[in-house]
Every structure is written in C-alpha cells, then in structure tokens.
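Every letter in the sequence shown is one number past the one before it in this note's numbering, and letter 96, counting from 1, is 96.
Okay, so here's the structure we're looking at.
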Amino acid sequence: MPFQFSHTEIAVEADELVPRFWKSLKSLQVELYRYKDKPFGVKRLQIGGNGRKLLINFDTLKPEIQEAIGDPRKVNHPLEIFFQFDADAVRYYGEFKRSGKNLKGDEQERYIINASVMQATIKLEQKRMEERIRMKGSLRGITETLIFDVESFQNTLRAKYQTEHTLPTSKRFKAAL
C-alpha cells in the first residue's frame, strides 16, 4: 500500500512492485539505475539496506501501475482518511465482561467497529469545524452531513473490510455526537 513519505511525495515499497510488475528485484534495480539521472522514468526515494526498505516514488511509476496499486491521495469517502481500527476499543472490549462473562467474538467485533467509526466521525467533525471556522462559515448543518457520511460509509466498510457498523442514523445518533 502506498504511503506518504514526505509532504509532497508518496512512496511504494519494492515488495509491492516486484512480483506483479517486475519479474525480480534485480530487474527493478536495473530500471532504477537506468533512469537515475534522467528527468523521466522510475525514481528511487530511499535506498534499501541496513534495515531500510527500498522505496520508489509513486508518481514516477507508469499510470497503469499507479491505477493497479491505488493512489492514497484519492479518497472515495471523507471518513476513510480518519478510519482506523481503534486499539483502545480492541483492548477495552477484549477485557469487558457482562455478567461475569466475556463478550462473544461477533459482539466484540461489532462494538470495536462501531467505536472505530465513531472515533473517525468525531475526527471528521473536528476537521470540518476547523475548516468552517477558518473560512468564516457557519457551523450549522455539520451534524446532518456527518449523519449522511456515516450512512454512506457503510458501503466503503463492506467493500474494504467486509464488515458493517450498526450505528443509528436517527435522532439518537445526533445525541451521541
């Protein structure tokens, strides 16, 4: 998965490229060397070795390769940027006991997903409030947009993580925010 290397550069590890797009690591290294001093072609961001991984500049890859790997700057849903499985929720619900018994696996998973989506929603709300304040806009209507985002995030969860959240999308959800 490509990741942010610096403020302006996206990096891809060689492990993601070698089996699919280059036959061997050696052939990738040869191509990197060939275009090293030219203004075009595949470029290296970091040399591998001594515990470091070889990193390739995502923007210098061919468009077909970029499309196959997926550009992390292109976001399909606003909650995707903020969503990650909450480690604190995993720990909490792993130790949580109801009537002296631990929660079942599917129940734990449901609670963890809901907590993670809720954390992402809170971060998105803060970001939107900051943006609207910075642009000197009204804060009115943020809750409605968040409810819509939580509803539509269900499709993204199904596609990427093969799971769903069970957060309410009614007045109860507004109260939770």
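Backbone N, C-alpha and C fix where the C-beta goes; we use that ideal spot for every residue, glycine too.
Identify, in the order they occur along the chain, each residue of the same chain with its Cβ nearer than 7 Å to the Cβ of residue i, setting aside the five sequence neighbours on each side.
{"i": "residue 164", "result": "154, 157, 158"}
{"i": "residue 9", "result": "45, 57"}
{"i": "residue 52", "result": "46"}
{"i": "residue 152", "result": "77"}
{"i": "residue 123", "result": "82"}
{"i": "residue 160", "result": "none"}
{"i": "residue 129", "result": "139, 142"}
Can you name, in chain order, every residue of its own chain whose Cβ lies under 8 Å from the Cβ of residue i, other than the five neighbours on each side?
{"i": "residue 150", "result": "79, 117, 121, 165, 167, 169, 173"}
Quick one: what's residue i bridged to in DSSP?
{"i": "residue 3", "result": "11"}
{"i": "residue 132", "result": "According to DSSP, residue 132 bridges with nothing at all."}
{"i": "residue 102", "result": "97"}
{"i": "residue 56", "result": "12, 44"}
{"i": "residue 49", "result": "52"}
Measuring CA to CA, which of the options is closest to residue i?
{"i": "residue 45", "options": "105, 99, 14, 25", "result": "14"}
{"i": "residue 81", "options": "33, 6, 26, 125", "result": "125"}
{"i": "residue 86", "options": "108, 6, 99", "result": "108"}
{"i": "residue 4", "options": "76, 140, 102, 70", "result": "70"}
{"i": "residue 26", "options": "119, 54, 103", "result": "54"}
{"i": "residue 17", "options": "49, 6, 65", "result": "65"}
{"i": "residue 119", "options": "84, 131, 141, 129", "result": "84"}
{"i": "residue 67", "options": "162, 97, 40, 21", "result": "21"}
{"i": "residue 200", "options": "73, 61, 19, 62", "result": "This structure does not reach residue 200, given that the chain is present from 1 up to 177, and the question cannot be answered."}
Please check if any C-beta of chain D sits within less than 8 Å of the C-beta of residue i.
{"i": "residue 7", "result": "Judged by its chain identifiers, the structure shown contains no chain D, having just a single protein chain."}
Report all residues from its chain with a CB closer than 6 Å to the CB of residue i; omit the five preceding and five following residues, and keep chain order.
{"i": "residue 12", "result": "2, 56, 58"}
{"i": "residue 31", "result": "42"}
{"i": "residue 132", "result": "139"}
{"i": "residue 29", "result": "none"}
{"i": "residue 49", "result": "none"}
{"i": "residue 39", "result": "none"}
Please check the pair residue i and residue j, which I expect to be a contact at CB under 8 Å, by giving their CB distance rounded to whole angstroms.
{"i": "residue 35", "j": "residue 43", "result": "7 Å"}
Review point. On the three-pair Cβ rule with 8 Å, is the stretch 106-115 touching the stretch 86-94?
Key: yes
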